[in-house]
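Residue numbers (UniProt numbering), protein chains in the order written: chain A, 1 to 321; chain B, 1 to 452.
Every residue, glycine too, gets a C-beta built ideally from N, C-alpha and C.
Here's the structure, in structure tokens; my notes come after.
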């Protein structure tokens, strides 16, 4: 391989027309080329600048501000005071810190148990239908189209221990009623049910897309070998779907760890059975403590944990590419 | 325009737009050093509340005509603690802003409000405002940061017609909780779906009433212990409150089947003539009468049973930190004009105007005054009264003897916890009062660690 000197490369690239340009000074020629290049790409730069500015203003700058705030005490009137790691220390010393993480893990665990398995089974079942597949797909996806707060308010009515639908049905058929969100035992499960109902549509649709991508010959071959339905799922469907399942698992972990609307609306910010990390952040900032420094510190900690999961997700998807 | 040209124009527009946006974000509103002072105030009724909005706008006009050097930039809305910090940080907080009496302590501690003591000295009527109310706006060094405009304290709202039917004296409502229990039995015995006594247990109103009821028998919800606060209801007093409710609900069956009630529910039941008594305040009556179509003649207000203390609340206005003396003075002038907060000589005119518009005059509260100003208030109220104010006599008779107690710090959060205990005793006949109080105590102590 021949190595070409930069000047030589430039003149080669310039082609025959380039020879007319004075060879002594490459400056003006380069400038002209640069100008032309910028001129040609002006649109691209302009679009990029607009995007960067939006991201910078509304995503990155607040992110940096949040991290700075986690080291400050700020009453938004006088100059903020730098407090070092005091906010982090206070957050780590708070007995609710452990409670919130345990509750979040409990929610994530339960949400995965339901939210991971139910859509998969749902997708398998819908995929087997010969008729009305579109209708079922639509029906499963419908709750996703509701604004989240609407779903939660709807379930709040279902759960009401006095006039709610669930207790009315239970007592109607002679079964014992429950306090649902107000009972320490049932509170977390009640939240998970809402979340699963509201979110399973998206995962089901992704599984259905994955199922559609599995070559039919594999099933035919398995059938010829005398495989039962369960064996076909076990040896054909699951291995073929492994990647999409893993990606969805990670995305769900990241999403469920940020659960907020369900506990905030159904059980409030003072119920220790259901204080999640996000609810605790809200409680620090807006209700009990009114301290944005504490809230920022807790947010940074959550950011680090979610960052780790996101890194795994990125690695996996890159590998797949 | 060809495609390329269009693309370029669009790109330039995008850049220009985002640059403008950036510039707009960075812009600061300049302060006017001289000329007329403009102050922003909130508390303007929303446009949907046409009558009060029109009144408010007329007041602004009249004020600006009387004080040409002050311009009022009025905004809708009252105190929303969840928006407060963001409004302050974003420079959107009004110069003079509405607060509930539970807010000032935290705002003063965080240095988010302005000392107005110097300007307040020019308004002599301040000395006649109830000291308990002024204390709420004052720090430990005696500096004042705001003024109250209205107050309420809880008593016993009762249906005089049902009292008479049940053989009880409408002029002498129960003074103890034992008497409430006995009266509730007699009223419930009237049958026809009538409930003797009602109480709340939803959306923090349960915790609010638990607090009122424990105060009434000399108890407390939270007490200061050195530098920290501690829950103070897991004791005989707390048990007494919950046990009485549990007994009335399940043993006597005088509280009705329907529970998990919140604020408007009991007002509605009272208006429909199906409820004998509940703990409430004077500001309930206009709602009972106007919204639910009842008559003032049917109702009475007594002092809180137990009579050892009554939970009080109310509202006022505070001043944003860093406000100039001119703006503070303008704000105080506005408050004394609009709310009559600093100018009792306006009470008579306000009452006359209210009576002319068919609004009730003669309720025992709000009344923030003592001394000469109280005399003016009483005279003006008597003169323009358009409702049977003697029905509130039993309440007024105790007004000076029952001490006023304010809400605990972080009241709403504590009420949310205590709601659970109220709900349990009213919906579960096997509720364990001791366990409920112990659990609530643990959670309230956790909340109180945030009070500095």
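Practice item. For residue 275 of chain A, count neighbouring Cβ atoms within 10 angstroms of its own Cβ and tell me buried if that reaches 16, exposed if not. Key: Sequence index remark: in the first chain, residue 275 of chain A carries index 275 (1-based). Residue 275 of chain A comes out buried.
Check your understanding: My guess is that residue 211 of chain B and residue 311 of chain B are in contact by the Cβ rule of under 8 Å, so how many angstroms apart are they, rounded?
Key -> Locating residue 211 of chain B in the second chain gives position 211, counting from the first residue. Locating residue 311 of chain B in the second chain gives position 311, counting from the first residue. With a contact defined as Cβ atoms closer than 8 Å, residue 211 of chain B and residue 311 of chain B qualify at about 6 Å.
**Study point:** Identified DSSP bridge partners for residue 96 of chain B
**Key:** If you number the second chain from 1, residue 96 of chain B lands on position 96. Answer is B:41, B:319.
**Study point:** Close beta carbons around residue 332 of chain B, own chain, < 8 Å, minus the five adjacent residues each side
**Key:** Translated into the one-based positions of the second chain, residue 332 of chain B becomes position 332. The answer, listed in chain order, is 116, 119, 120, 122, 123, 147, 342.
Check your understanding: Who are the near neighbours of residue 188 of chain B in its chain, counting only those whose CB is closer than 6 Å to its CB and skipping five residues on each side?
Key -> As a working mapping, residue 188 of chain B is identified with position 188 in the second chain. Apart from the 5 residues on each side of it in sequence, residue 188 of chain B sits with its Cβ closer than 6 Å to the Cβ of 196, 254 in its chain, given in chain order.
Practice item. Over the uninterrupted alpha helix (DSSP H) stretch that includes residue 300 of chain B, give me the two end residues. Key: In the second chain, residue 300 of chain B corresponds to position 300, counting from 1. Careful: residue 300 of chain B lies outside any alpha helix (DSSP H), inside the beta strand (DSSP E) at 299-302.
Exercise for review: Kindly identify the DSSP beta-bridge partner or partners of residue 48 of chain B.
Suggested key: Counting from one through the second chain, the residue named residue 48 of chain B turns up at place 48. Partner(s): none; residue 48 of chain B has no beta bridge.
Check your understanding: If you compare alpha carbons, which of B:372, B:385, B:364, B:367 is closest to residue 357 of chain B?
Key -> Position 357 of the second chain, counting from 1, holds the residue named residue 357 of chain B. Measuring from the Cα of residue 357 of chain B, the nearest candidate turns out to be B:385.
Review point. Where does residue 220 of chain A fall in DSSP's three states?
Key: The count along the first chain starts at 1 and reaches residue 220 of chain A at position 220. Residue state for residue 220 of chain A is assigned as helix, using DSSP reduced to three classes.
Practice item. Starting from the beta carbon of residue 96 of chain A, find every residue of chain B whose beta carbon is closer than 7 Å, and list them in chain order. Key: Taking the first residue of the first chain as 1, we reach residue 96 of chain A at position 96. Simply 446.
Review point. Taking Cβ-Cβ distances below 9 Å as the criterion, which residues of the segment 69-87 of chain A are in contact with chain B?
Key: Result list: 74, 75, 76, 77, 78.
Review point. Under a Cβ-count criterion, where at least 16 other Cβ atoms within 10 Å of its own Cβ denotes burial, should residue 145 of chain A be classed as buried or exposed?
Key: Working through the first chain from its first residue, we reach residue 145 of chain A at position 145. Classification for residue 145 of chain A: exposed.
Review point. Rounded to the nearest angstrom, how far is the Cβ of residue 409 of chain B from that of residue 105 of chain B, given a contact under 8 Å?
Key: The residue labelled residue 409 of chain B in the question sits at position 409 within the second chain. The residue labelled residue 105 of chain B in the question sits at position 105 within the second chain. About 7 Å; that satisfies the 8 Å criterion.
Review point. By DSSP, does residue 224 of chain B sit in helix, in strand, or in coil?
Key: Within the second chain, numbered from 1, the residue matching residue 224 of chain B stands at position 224. Reduced to three states, the DSSP call for residue 224 of chain B is strand.
Point to revise | Partner residues on chain A for residue 417 of chain B, Cβ-Cβ distance less than 7 Å | key: Numbered from its first residue, the second chain carries residue 417 of chain B at position 417. Under the 7 Å cutoff, chain A gives 270.
Review point. In three-state DSSP terms, what is residue 314 of chain A?
Key: Here residue 314 of chain A refers to the residue found at position 314 of the first chain. In this structure, residue 314 of chain A counts as helix in the three-state DSSP scheme.
Exercise for review: Using 10 angstroms around the beta-carbon of residue 257 of chain B, count the other beta-carbons present and answer buried if the total reaches 16, otherwise exposed.
Suggested key: Counted from its first residue, the second chain places residue 257 of chain B at position 257. By the C-beta density criterion, residue 257 of chain B is exposed, having fewer than 16 other C-beta atoms within 10 angstroms.
Practice item. Label residue 82 of chain B either buried or exposed according to how many other C-beta atoms from any shown protein chain fall within 10 Å of its C-beta, with 16 as the threshold for buried. Key: Within the second chain, numbered from 1, the residue matching residue 82 of chain B stands at position 82. Under this definition residue 82 of chain B is an exposed residue.
Check your understanding: residue 287 of chain A CB to nearest chain E CB: under 7 Å?
Key -> Absent here is chain E; the protein component of the structure consists of chains A and B.
Check your understanding: Can you name the residues of chain A whose CB is closer than 7 Å to the CB of residue 110 of chain B?
Key -> Taking the second chain and counting its residues from 1, one reaches residue 110 of chain B at position 110. Going along chain A in sequence order, the residues near residue 110 of chain B (Cβ under 7 Å) are 75.
Check your understanding: For residue 173 of chain B, is the classification buried or exposed, using 16 other Cβ atoms within 10 angstroms of its Cβ as the cut-off for buried?
Key -> Residue mapping note: residue 173 of chain B aligns to position 173 of the second chain, counting from 1. Around the beta-carbon of residue 173 of chain B, 16 or more other beta-carbon atoms lie within 10 Å, marking it buried.
Review point. What do you get for residue 163 of chain B, buried or exposed, if any count of 16 or more other CB atoms within 10 angstroms of its CB means buried?
Key: Reading the second chain from its first residue, position 163 is the one you call residue 163 of chain B. Residue 163 of chain B is buried by the Cβ-count criterion.
**Study point:** Boundaries of the beta strand (DSSP E) in which residue 148 of chain B is found, first to last residue
**Key:** The residue labelled residue 148 of chain B in the question sits at position 148 within the second chain. Per DSSP, residue 148 of chain B is one residue of the beta strand (DSSP E) stretching across 146-153.
Exercise for review: State yes or no: is the beta carbon of residue 443 of chain B nearer than 7 Å to at least one beta carbon in chain A?
Suggested key: One-based indexing of the second chain puts residue 443 of chain B at position 443. It does; some Cβ of chain A falls within 7 Å.
Point to revise | Range covered by the alpha helix (DSSP H) that runs through residue 117 of chain A | key: Looking up residue 117 of chain A in the first chain gives position 117. According to the DSSP assignment, residue 117 of chain A belongs to the alpha helix (DSSP H) that extends over 95-128.
Exercise for review: Within 10 angstroms of the Cβ of residue 81 of chain A, are there 16 or more other Cβ atoms? Answer buried if so, exposed if not.
Suggested key: Translated into the one-based positions of the first chain, residue 81 of chain A becomes position 81. That one is exposed.
Point to revise | Partner residues on chain A for residue 420 of chain B, Cβ-Cβ distance less than 7 Å | key: The count along the second chain starts at 1 and reaches residue 420 of chain B at position 420. Within 7 Å Cβ-Cβ: 182.
Exercise for review: Could you tell me whether the Cβ atoms of residue 306 of chain B and residue 158 of chain B are closer together than 7 Å?
Suggested key: As a working note, residue 306 of chain B is residue 306 in the second chain. As a working note, residue 158 of chain B is residue 158 in the second chain. It is not a contact, given that the beta carbons lie outside the stated cut-off.
Exercise for review: Assign residue 31 of chain A to one of two classes, buried (16 or more other C-beta atoms within 10 Å of its C-beta) or exposed (fewer than that).
Suggested key: Sequence index remark: in the first chain, residue 31 of chain A carries index 31 (1-based). By the neighbour-count rule (16 or more Cβ atoms within 10 Å), residue 31 of chain A is not buried but exposed.
Point to revise | Other residues of its chain near residue 74 of chain A: CB distance less than 7 Å, five sequence neighbours each side excluded | key: Within the first chain, residue 74 of chain A is the residue found at index 74, counting from 1. Result list for residue 74 of chain A: 80, 292, 293, in chain order.
Check your understanding: Residues of chain B with a CB under 8 Å from the CB of residue 162 of chain A: which are they?
Key -> Taking the first residue of the first chain as position 1, residue 162 of chain A is located at position 162. What residue 162 of chain A touches in chain B: 258, 259, 260, 427.
Practice item. Examine the Cβ distances between the segment 246-254 of chain A and the segment 229-236 of chain A and report whether three or more of them are shorter than 8 Å. Key: Verdict: no, contact absent.
Point to revise | Distance CB(residue 77 of chain A)-CB(residue 244 of chain B) smaller than 7 Å | key: Numbered from its first residue, the first chain carries residue 77 of chain A at position 77. Numbered from its first residue, the second chain carries residue 244 of chain B at position 244. Not closer than 7 Å, so no.
Point to revise | Buried/exposed call for residue 131 of chain A, threshold 16 Cβ in 10 Å | key: Within the first chain, residue 131 of chain A is the residue found at index 131, counting from 1. Classification of residue 131 of chain A: exposed, given that the 10 Å Cβ count is below 16.
Review point. Between residue 265 of chain A and residue 140 of chain A, is the Cβ-Cβ spacing less than 7 Å?
Key: Position 265 of the first chain, counted from the start, is the residue given in the question as residue 265 of chain A. Position 140 of the first chain, counted from the start, is the residue given in the question as residue 140 of chain A. Not closer than 7 Å, so no.
Check your understanding: Going along the chain, which residues of the segment 115-142 of chain A sit with their C-beta nearer than 7 Å to a C-beta in chain B?
Key -> Of all residues in the segment 115-142 of chain A, none has a C-beta nearer than 7 Å to a C-beta of chain B.
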